[in-house]
Every structure is written in C-alpha cells, then in structure tokens.
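J.: In the numbering used here, the protein residues as written are 27 to 270.
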Amino acid sequence: MDFYNEKLELNVPEHIAIILDGNGRWAKKRFLPRNAGHLQGSRVLERICDDAIEIGLKYLTVYVFSTENWKRSESEVQGLMKILRNYLKTCIKRAREKNMKVVILGKQDMLDEDIIRSINELEESSKNNTGLVFQIALNYGARDEMVRAMRKMTKDMIDKGIAPEMITEDMFASYLDTADAPDPDLIIRTSGEKRISNFLLWQCAYSEFDFPEVLWPDFNKKRLIEAVERYNKRDRRFGGVKEE
27 MDFYNEKLEL
37 NVPEHIAIIL
47 DGNGRWAKKR
57 FLPRNAGHLQ
67 GSRVLERICD
77 DAIEIGLKYL
87 TVYVFSTENW
97 KRSESEVQGL
107 MKILRNYLKT
117 CIKRAREKNM
127 KVVILGKQDM
137 LDEDIIRSIN
147 ELEESSKNNT
157 GLVFQIALNY
167 GARDEMVRAM
177 RKMTKDMIDK
187 GIAPEMITED
197 MFASYLDTAD
207 APDPDLIIRT
217 SGEKRISNFL
227 LWQCAYSEFD
237 FPEVLWPDFN
247 KKRLIEAVER
257 YNKRDRRFGG
267 VKEE
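Structure, rendered in structure tokens:
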C-alpha cells in the first residue's frame, strides 16, 4: 500500500498541536536571511493543513508567534508580520475552499490594525465551517492566556456572585482561548529541541510529546504520519495505572 494512503490504518488523534521550530536554522544552513526560513515555513504550514485534513484530523493547533518573539530584531519582526499579512489573506480563501474553521489564539494588542481586521474577517467568514478546526497561536503565551482567563473569571465572580468554592477545572478552562477545543492529544515540536516554550501549559497536562529531529521547513506529510505512528505506540494512562 502506498505510504501516503494509509489513512484507514492510522489511529489519528483528535487534536495535534505543533510548535513550528527551526525556521532560522534552516535559513542559516542555506546562507539565507532568517525571514527566508519563515517564508518557507509558512508554505509548509499550508501543506500540513492539507495533510491534516487528508488523514482525518479534527483539530490542528500551531504556534506561529509568541509573546516573547517581539524581542527579536526589528527587521525579523517586520519580516514576520509581512509574511503573516499574506498568510492570513490566503487563509481566508483556503478556509472557504477546505471547509476549515479558523480560530486565532492569543491577544491582539501590539498587532497592527490591518492584521486585526484580517483576523476578524478570517474568524467570522469561517466560523460556520464544519471541517478541520485550525487554531493559530499568534501573539500567544500560555502564562498570559491564564492571566487573561483569571481576570475574566474574577470579573464574573464579582458580577455574578460566584463563590470561590464553586470554581472547577472545567470552569477555569472555559475562560481560556481554547475553550471550544479539546486538549491536544499530541504535541509535536520540530527541530529536536525538547522544551515547550510557554505553549498550552494548562491544556498539555496529559498530552503526549514528540520531538522529531527535523527543522520545520523540512517537515512534511511523511513526518506527520511518523509522529502519529509513534503516538499510536504510546500507552496513555492519564495519571492512572494500567491493569494487568
């Protein structure tokens, strides 16, 4: 059987999240500017979305730009924003064609007005789509997400008279950016780096992790399927003990 047609033999998790790491190193190896790596990374992301749909994934979350990434050089940040503008415009059309629902995670302050308009148009135009739910973490940091959630929850506690003892994990989770999505089953970080970098800290409590030794611009469907195959070999216990 052709490797790329193994959909029925894969136990595909419901939700995969990916930390897109290695664009800069990919460019450096080719004596290119860092933003050339980011541009190639955006092209790979389009293909991986198609691959996710093809293998039957329901939720795909990608870490595109963190709250810490503003610390990079001005030229790199401006280059990233230019790539982002083009990507969002393209994504509006692709979401319609692929029946994707697109959700942007993170906060919008510090983003330029035209980017915010594109985000709003993308989310509004795709909100009723019923295919892959594609979550883009943009100007996102998990600690910031939890602080924002706590602020919203505290306001509701005051306004609605909610007692502290009424707070549950599910209640807190309902204030997170990812409130409408299940927690990720599998988190992939490309480039081989083994850290989570302030990504989905609440949601990853029982996630499986995979760290392929491949830079993001070289990631492809074969690598995605290999990660799913490794995931299939895991024994997920969610804190319990497997009965003999």
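Yeah, the Cβ is synthetic: ideal placement off N, Cα and C, and Gly gets one too.
1. Counting pairs of Cβ atoms below 8 Å between the stretch 212 to 219 and the stretch 232 to 240, do you hit three or more?
2. Taking a contact to mean a Cβ-Cβ separation below 7 Å, would you say A43 touches P210 in this structure?
3. Looking at V240: is its Cβ nearer than 7 Å to the Cβ of L36?
4. What are the boundary residues of the beta strand (DSSP E) that includes T116?
5. Could you please give the first and the last residue of the uninterrupted beta strand (DSSP E) stretch that includes S217?
6. Let me check understanding here. Comparing Cα to Cα, which of F245, N154, E94, L164 lies closest to L110?
7. How is the alpha helix (DSSP H) around E74 delimited, first residue to last?
8. Check this for me: beta carbons of S144 and L106, under 7 Å apart or not?
9. Excluding the 5 residues flanking L158 on each side, which residues of the same chain have their C-beta closer than 8 Å to its C-beta?
10. Using 7 Å as the threshold, is the C-beta distance between A168 and L227 below it?
11. I'd like to check one pair, M183 with Y201: are the Cβ atoms closer than 7 Å?
12. If you follow the beta strand (DSSP E) that E234 is part of, which residue opens it and which one closes it?
13. L241 lies in the alpha helix (DSSP H); which residues open and close that run?
T.: Here's the rundown:
1. yes
2. Here A43 is near P210, since their CB atoms are less than 7 Å apart.
3. no
4. Where T116 is concerned, there is no enclosing beta strand (DSSP E), although the alpha helix (DSSP H) it sits in stretches over 100 to 124.
5. Element bounds for S217: n/a, residue is neither H nor E.
6. It is L164 whose Cα lies nearest to the Cα of L110.
7. It is worth fixing the name first, because residue 74 is Ile in this sequence and not Glu. From DSSP, the alpha helix (DSSP H) with I74 extends over 60 to 81.
8. no
9. C75, A78, I79, L83, K84, Y85, L86, K124, N125, M126, K127
10. yes
11. no
12. 234 to 236
13. It is not in any alpha helix (DSSP H) - L241 carries neither H nor E in the DSSP assignment.
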